[in-house]
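Below: one structure, written as structure tokens.
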Amino acid sequence: MLHVVRSTALDQSSPVSPENFGQALLRKIEMVEQKEQKRHDELLKVVTGLAEKLDKSEGRSDRVNVCRVTSGFPLTHKIPVCSKNVILELSKRVSKPQWKFLARRLYLPEHEIDQIEANHRENIQEQSYQMLLKWRESSGGGSYQELGEALRREFGEQLYSDFVKIVRESEEQ
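Per the working numbering, the sequence shown starts with residue 23, numbered consecutively.
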């Protein structure tokens with residue numbers, strides 16, 4: 023009979039009884055959700071700040087996208103479309119296998135992915151750049167938030183962190 027379960031999956035150093043395992047798992051899930059919400063809020067803050075700066079510089083106030091947060095309720099935020107400069111800088115960090123996976127995550131059709139690869143066979147950076155431009159064009163503008171979420175889902179924190187850094191640097195210019 024199993025009396026004590028040590029759960030490294032829950033990152034706990036103390037034993038968890040089978041009766042308390044469900045509660046411990048729920049606490050861990052809540053912690054992960056809180057971290058994800060914090061990251062989401064951080065990117066949204068950066069992107070919203072960039073949108074406001076762009077609006078001021080261009081005398082506009084019409085960049086509005088509807089996004090969903092974890093609660094499922096739509097919120098309206100000013101979110102600019104990805105600039106060519108951000109796309110260029112990001113394309114330098116995306117490798118050959120990565121750009122294809124990202125293209126699929128961004129819902130580009132396979133025939134377009136194949137066409138980009140065929141047109142720019144020898145230049146992976148150009149393949150990545152053209153894919154991101156095609157995505158921006160086909161998605162009706164392509165927001166920073168949409169791209170950031172796709173990067174995080176597909177590649178985790180490293181490429182996502184690079185993306186946030188690129189966006190912040192573009193804000194400062």
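By construction, the Cβ of each residue, glycine as well, lies at the ideal position given by its N, Cα and C atoms.
So, with DSSP's three-state summary, where would you put S105?
One-based indexing of the sequence shown puts residue 105 at position 83. Coil at S105, not helix or strand.
Which of helix, strand or coil does DSSP assign to S192?
Position 170 of the sequence shown, counting from 1, holds the residue named residue 192. Looking at S192 - three-state DSSP - the assignment turns out to be helix.
Should the stretch 120-137 be called in touch with the stretch 146-166, which here means at least 3 C-beta pairs below 8 Å?
yes
Is K187 buried or exposed, if buried means 16 or more other CB atoms sit within 10 Å of its CB?
The residue labelled residue 187 in the question sits at position 165 within the sequence shown. Looking at its Cβ environment, which holds fewer than 16 other Cβ atoms inside 10 Å, K187 is exposed.
Strictly by DSSP, which residues pair up with S165?
As a working note, residue 165 is residue 143 in the sequence shown. In the DSSP output, where bridge partners are listed per residue, S165 has V103.
When the Cα atoms are used, what is the spatial distance from L97 to V108?
As a working note, residue 97 is residue 75 in the sequence shown. As a working note, residue 108 is residue 86 in the sequence shown. Only weak support exists for where L97 lies, its pLDDT of 39 falling under 50; the coordinates are left without a value.
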